[in-house]
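Take a look at the structure below.
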Amino acid sequence: MPLGAALCLLPFVSTGVALLAGLCVALTAGNPFAGTTRALTPRLLSLAVVGLGAGMDLRTVLAAGREGLGYTVVGIALCLTLGVGLARLLGVPRVTGLLISVGTAICGGSAIAAVVPVLRPQAHETSVALGTVFLLNAVALFVFPVVGHAVGLTPHQFGLWCAMAIHDTSSVVGAALRYGPEALAVATPVKLARALWILPLTVGLAAWRRSEGHAVTGRVRRPWFIAGFLGAAAVVTLFPVLAPVGQGVAAVARQLLVVTLFLLGAGLTRETLRAVGLRPLAQAVALWLLMAGLCLGALRLGWAA
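Residue 185 in UniProt numbering is what sits at position 185 of the sequence shown, and the numbering runs on without skipping anything.
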């Protein structure tokens with residue numbers, strides 16, 4: 001495991017190769033550092049996202065974020081509605097179905113972790129939701145660039161599609177990175193704008209649970225890395241002389257993202273896969289395909305820029 005993570009720091013190792021290598025390690029030799037992996041992954045991802053901001057112009061970032069705001073609101077509302085409906089149709093337990101819907105609507109594992117103190121699921125319900133999200137994230141990293149090229153999406157369109165239809169920030173950035181720098185410049189701020197909805201959604205769910213007489217415990221996790229990303233972009237934009245330094249920091253951040261994807265792959269162990277039942281998996285796959293298809297259709301029809 002440590003050797004595999006270290007090798008992912010080499011500049012010729014891509015996001016897809018890193019994720020696949022992590023999966024191979026987890027499913028063959030196993031991951032003896034599973035606890036450490038789970039703790040390190042969100043921290044490394046946060047650092048990588050902040051570092052990527054150092055290579056971007058703040059004006060471009062804000063423009064992309066404003067452009068994606070309307071799509072984000074509509075997408076989240078539609079995804080939650082479809083997710084709850086699919087859970088009922090397939091007979092998925094209420095809390096499990098809601099966790100999967102929240103993870104699909106906003107930002108995968110981060111959103112699921114944020115609403116756990118509110119929904120207070122059982123341990124196996126959280127494992128099922130996280131397992132389905134991790135599995136589909138792995139698939140998306142490989143499938144989305146292939147589909148994007150096949151249907152002729154421009155880098156700008158692909159960046160929007162990634163940000164709207166892939167669960168976790170890591171896979172959004174990883175897929176966009178494979179498509180090119182323009183796709184990355186669009187996907188990252190739009191995805192981060194989507195992640196901001198963790199806070200209002202968690203507050204809304206807490207109010208709903210209290211109205212039903214359920215206790216709500218714990219603190220809401222704040223996505224601080226979004227402020228860090230914007231701050232890094234602001235520094236290099238306001239002080240152009242720092243642009244070369246910013247590009248160097250962004251290059252390091254891109255390779256740190258490769259390491260993060262290796263750790264994500266290593267987290268998809270056989271135990272995680274066994275925890276995923278057929279009905280929750282069917283809900284997650286159906287919801288993901290619906291949202292990905294609807295977003296792609298909107299882009300192809302010109303309904304989304």
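Just so you know, even glycine gets a beta-carbon here, dropped at the ideal spot from N, CA and C.
Every value quoted in this text rests on a predicted model; they were computed, and no experiment measured them.
Could you spell out the range, first to last residue, of the alpha helix (DSSP H) harbouring T15?
15-28
Neighbourhood of V84 by C-beta distance below 8 Å, restricted to the same chain and skipping five residues each side
G97, L98, S101
Within its chain, find whatever has a CB closer than 6 Å to the CB of A292; leave out the 5 residues flanking it on each side and keep chain order.
A165
Figure out for me which residue from L80, F33, G267, S14 has the closest Cα to the Cα of L201.
L80
Residues near K191 in its chain [Cβ-Cβ closer than 6 Å; skip 5 each side]
A163, T169, V172
Would you decide whether G91 is buried or exposed? Buried here means 16 or more other CB atoms lie within 10 Å of its CB.
exposed
For V236 versus C8, is the C-beta spacing smaller than 8 Å?
no
So, at 8 Å on beta carbons, what are the nonlocal neighbours of I76 in its own chain, with the 5 sequence-adjacent residues on each side left out?
A105, I106, R194, W197, L201
With contact counted as at least three CB pairs below 8 Å, one residue from each stretch, are the segment 25-39 and the segment 241-254 in contact?
no
Rounded straight-line distance, which links the Cα of W224 to that of A232
13 Å
Just the C-alpha distance for P93 and L294, rounded to the nearest angstrom, thanks.
26 Å
Can the beta-carbon of H167 be found closer than 8 Å to that of G267?
no
Using three-state DSSP, classify G277 as helix, strand or coil.
coil
Residues of its chain near A140, where Cβ-Cβ distance is below 6 Å and the 5 sequence neighbours each way are ignored:
I166, S171
Under the three-state reduction of DSSP, which class applies to P200: helix, strand or coil?
helix
Tell me the DSSP secondary structure of F142 in three-state form.
helix
What do you get for G51, buried or exposed, if any count of 16 or more other CB atoms within 10 angstroms of its CB means buried?
buried
Out of P145, G297, P189, I226, point me to the one whose CA is closest to R66's CA.
P189
Could you tell me whether the segment 150-164 touches the segment 173-181, where touching means 3 or more Cβ pairs closer than 8 Å?
yes
Pick helix, strand or coil for M291, following the three-state DSSP scheme.
helix
Contact defined as beta carbons within less than 8 Å: I believe G180 pairs with L19. What is the distance between those atoms, to the nearest angstrom?
Their Cβ separation, rounded to whole angstroms, is 19 Å, which puts G180 and L19 out of contact at 8 Å.
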